[in-house]
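Below is one structure, written out as structure tokens; comments come after it.
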Amino acid sequence: MQRITEDIKTGQLKQIYLLCGEEAYLVRQYRDRLLQALLGGGDEMNVNRFEGKGVQIPEIIDMAETLPFFSDRRVIVLENTELFRPGGEKLAAYLKEPAESSSFLFVERGV
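Just so you know, the sequence shown maps onto residues 1 to 111 in the numbering used here.
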């Protein structure tokens with residue numbers, strides 16, 4: 001959490017973040033703080049949210065490849081998708097070299 005706070009303070013934001021843990025309240029707070037920082041105070045037009053086990057990896061990748069609208073960055077929030085368990089290999093391969101204009105925020109119960 002210290003690293004995230006430091007990234008937000010300095011503006012040196014990473015392209016991919018993973019938040020997980022037992023304290024759901026803290027996870028949600030850091031999710032919201034990171035989302036605001038990644039958007040740079042802009043509106044949520046360039047935020048795409050995916051939640052639950054049924055997310056389609058090709059849809060996530062297509063959204064990541066879509067250029068942001070009047071912004072420098074598109075933020076993709078993935079919550080409780082269980083993509084860190086078997087089945088997320090295609091997304092893992094994509095995340096080795098994601099589109100420069102996309103940022104990913106994973107919020108998972110467990111990894």
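Ideal Cβ placement from N, Cα and C applies to all residues, glycine included.
Nothing here was measured: the structure is a model prediction, and the numbers come from that model.
Burial state of Tyr25, where buried means 16 or more other Cβ atoms lie within 10 Å: exposed
DSSP three-state assignment for Leu35, whether helix, strand or coil: helix
CB of Gln15 within 8 Å of CB of Phe70, strictly: no
8 Å Cβ cutoff met for Asn80 and Gly52: yes
Cβ pair Arg31, Leu19 closer than 8 Å: Going by C-beta atoms, Arg31 is nearer than 8 Å to Leu19.
Proximal residues to Pro68 (C-beta, below 6 Å), its chain only, five neighbours per side dropped: Asn46, Arg74, Ser101
Beta-ladder partner(s) of Ile76, from DSSP: The partner list for Ile76 (beta bridge, DSSP) reads Asn48, Phe104.
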